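Read the structure below first, then the notes.
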Amino acid sequence: MTTRLSDYRCWRCGEALPEDCLPLRRAELCPACNADLHVCKMCGFYNTALADACEETVATAVGNKERANYCDYFKPSPRAFKGGADDAAARARAELDALFGGAASSAASTDAARNQSELERLFGLKKD
Ligand SMILES: [Zn+2]
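In our numbering, the protein residues as written are 1476 to 1603.
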C-alpha cells in the first residue's frame, strides 16, 4: 500500500501532501512540520502584492496569514511553497546539462556562472 501524493505542498516546509488530505479541512496540519494548512499562505488567492494579500475581493480580510482561517474562499494552491521555484530551476538546469551532453554534472554546482554563460551562448543571447 502506497500513499498517493497530491500536487500540493506544505506552504512552509514543502512537504508533499497526501492526496487524501484534500479537500483541506480547517484543522489539517502538515504531516512534516505541523503547520496549519488551511491558511492564507496555502491559498491560491494569496498575493503579497495586495494590501490585504488576497485577490478574492469578497473574502473577509484574515489577520494572521499563517494560522488556520475560516475563509469560505480558501482554495489550496499547488504553488504555495515558494522554495519550489528554486527546486524547479535546479531541476531545469540538471535537465539542460543532461541534454547538452552532461558536461556539467560536477560543474553544475561549482561553476554555475560559466554554465549560465554557456547557456546564453547556446540560446544566442550573447555574442562571443
Ligand atoms: Zn510543513
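We treat Cβ as the ideally placed atom computed from N, Cα and C, and that holds for glycine.
Computed from a predicted model, the values in this text were never measured in an experiment.
Discussion item. Buried or exposed, going by whether 16 or more other CB atoms sit within 10 Å of the CB of PHE1598?
Written reply: Under the 10 Å beta carbon count, PHE1598 is surrounded by fewer than 16 other beta carbons and is classified as exposed.
Item to complete: Using three-state DSSP, classify ARG1484 as helix, strand or coil.
Response: Strand at ARG1484.
Worksheet item: Where does the unbroken beta strand (DSSP E) through ALA1491 begin, and where does it stop?
Response: First-last of the beta strand (DSSP E) with ALA1491: 1491 to 1493.
Fill in: contact_flag[the segment 1542 to 1552, the segment 1516 to 1528] where n(CB pairs < 8 Å) is 3 or more
Segments in contact, yes.
Worksheet item: Bridge partners of CYS1496, per DSSP?
Response: In the DSSP secondary-structure assignment, CYS1496 is not bridged to any residue.
Worksheet item: Three-state secondary structure (DSSP) at ASP1527?
Response: Three-state result, ASP1527: coil.
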